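Using numbering that gives the first Met the number 0, read the sequence shown as starting at 0 and increasing by one per residue.
Here a beta-carbon is modelled for each residue, glycine too, at the ideal position from N, C-alpha and C.
Since the structure is predicted, the reported quantities are computational estimates derived from the model, not experimental observations.
Here the structure comes first, spelled out in structure tokens, and everything after it is commentary.
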Amino acid sequence: MGGVYYTIKLYDAGLIIKDKRINNKIYKLSFFLKVFDEHQKDNKEKDNKEKDNKEKDNKEKDNKEKDIMFNIKNGLCDLEKTLDGEGYAYSNLTCRKKGIDFIPKSITRYIHLKYINLSHNNINDLVHLYFLPNIIFLDVSYNMLKEIVELKKEYLKNCIYINLSHNLISHMNNIFLKNLLEFNISYNTINNINIYISNTIRILNLSNNNIKNINFKNKLNNLLDLDISFNPIENLDFHTLMPNLVVLRINDNSTISMDKLNNLNNFKCLQSLFMQNYLYFKDISYKDVKEILLQNSKDIHLLKFNGNRLNKKTDHIEQADVNK
């Protein structure tokens, strides 16, 4: 290799070699090595640039994480005795409207937190909250969440209330949380409810989404209150999935036809039905509505629609405040 290098140097210095074939080979090899050197130089510059950008991004992320943790630390309150009785720790975190983009891993050090309110931020992932074992109340409404990953049994072991309303959630996965009682995922863009959801749940708010059909994979024997208002619901044939439902809200619905209302009779425990601004009632008198719904739905003793209330017990229409 040293001989070749020496020959190329002679050629570059302008020395003439009489053999044209050798001349051409040396020229080609010299050209190739120059191109190779330039390519190596470009790659090195590119690598250095990528390294600089990565270091810059990491530095910005570190600074952002420090700012977020500063806000989190300022949002901690309510010192309580720890479960082991050996000390005190913060149990409440309220950090609203702080422009938080993500939840840093550092939050996992606050294992004694019970109440977390991170509403009105720009959060798009909750993964670092899932392993906080003592959370009871979690509010991450008004954020930028797009999807809920499968919530396994080992996640949020003691959580009974979750509010994910007013996000950008279009897809839900199974929810296996073993102590969940109330779940609010209203004001999102969900169009399919074909999932398993914790049987412990009692209050479920799915209002203001794009849901057409309710197709849970399991029975919700403990569900008492369901809100599916402002959805393009097409049928009410999900009574077998929630046999003990007491309250059903289907306000502002224009897709359930009158003949589908007969399915209400299958909700054996239903007591309160809310149907404000129901499209199919526009040309029907209150008396007709009362006869249709109260005759077919024997167990419903209260019906509220279009700002009015029908009471089966007193058999008359009561004017009601629509804001209640």
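Next on the checklist: Assuming contact is defined by CB atoms lying nearer than 7 angstroms, are F215 and I196 in contact in what I supplied?
Outcome noted: Residue 215 sits at position 216 when you count from the first residue of the sequence shown. Residue 196 sits at position 197 when you count from the first residue of the sequence shown. Taking 7 angstroms as the Cβ cut-off, F215 and I196 qualify as a contacting pair.
Next on the checklist: Closer than 8 angstroms is the cut-off here; do at least three beta carbon pairs connect the region 221-228 with the region 239-259?
Outcome noted: Contact between the region 221-228 and the region 239-259 is present, because at least three Cβ pairs lie under 8 angstroms.
Next on the checklist: Considering only DSSP beta bridges, list what I115 is partnered with.
Outcome noted: For this step, residue 115 is matched to residue 116 along the sequence shown. Looking at the DSSP assignment, I115 forms a beta bridge with L92 and L137.
Next on the checklist: Rounded to whole angstroms, what is the Cα-Cα separation between C76 and M68?
Outcome noted: Position 77 of the sequence shown, counting from 1, holds the residue named residue 76. Position 69 of the sequence shown, counting from 1, holds the residue named residue 68. Between the C-alpha atoms of C76 and M68 there is a straight-line separation of about 14 angstroms.
Item to check | Proximity below 7 angstroms, CB of N172 to CB of I147 | outcome: Here residue 172 is taken as the residue at index 173 of the sequence shown, counted from 1. Here residue 147 is taken as the residue at index 148 of the sequence shown, counted from 1. Yes, these two residues count as a Cβ contact at 7 angstroms.
Checklist entry - For the candidate residues K218, S169, K58 and Y141, whose alpha-carbon lies nearest to that of K97? => result Stepping through the sequence shown from its first residue, residue 97 is reached at position 98. When each option's Cα is compared against that of K97, the closest is Y141.
Checklist entry - Is DSSP giving L235 helix, strand or coil here? => result Taking the first residue of the sequence shown as 1, we reach residue 235 at position 236. Per DSSP, reduced to three states, the secondary structure at L235 is coil, with no helix or strand assignment.
Item to check | D66 versus P242, D100 and K50, residue with shortest Cα-Cα distance | outcome: For the purposes of this step, residue 66 is taken as residue 67 along the sequence shown, with counting starting at 1. The residue among P242, D100 and K50 with its C-alpha nearest the C-alpha of D66 is D100.
Checklist entry - Going along the chain, which residues of its own chain have a beta-carbon closer than 7 angstroms to the beta-carbon of N157, five neighbours each way excluded? => result Translated into the one-based positions of the sequence shown, residue 157 becomes position 158. Around N157: P132, N133, I134, I135 and N178.
Checklist entry - Exposed or buried, what is C268 when buried is set at 16 or more other beta-carbons lying within 10 Å of its beta-carbon? => result Here residue 268 refers to the residue found at position 269 when the sequence shown is read from its first residue. Exposed.
Checklist entry - For F32, which three-state DSSP category applies? => result On the sequence shown, residue 32 is found 33 positions in, with the first residue counted as 1. Correcting the residue type first, residue 32 is Leu in the shown sequence and not Phe. Residue state, collapsed to three classes: helix.
Checklist entry - How many angstroms separate the CA atom of N221 from the CA atom of I200? => result By one-based count along the sequence shown, residue 221 stands at place 222. By one-based count along the sequence shown, residue 200 stands at place 201. Here the C-alpha atom of N221 lies approximately 6 angstroms from the C-alpha atom of I200.
Item to check | Backbone CA spacing between L235 and I213 [nearest angstrom] | outcome: As a working mapping, residue 235 is identified with position 236 in the sequence shown. As a working mapping, residue 213 is identified with position 214 in the sequence shown. Their backbone Cα atoms lie some 8 angstroms apart in a straight line.
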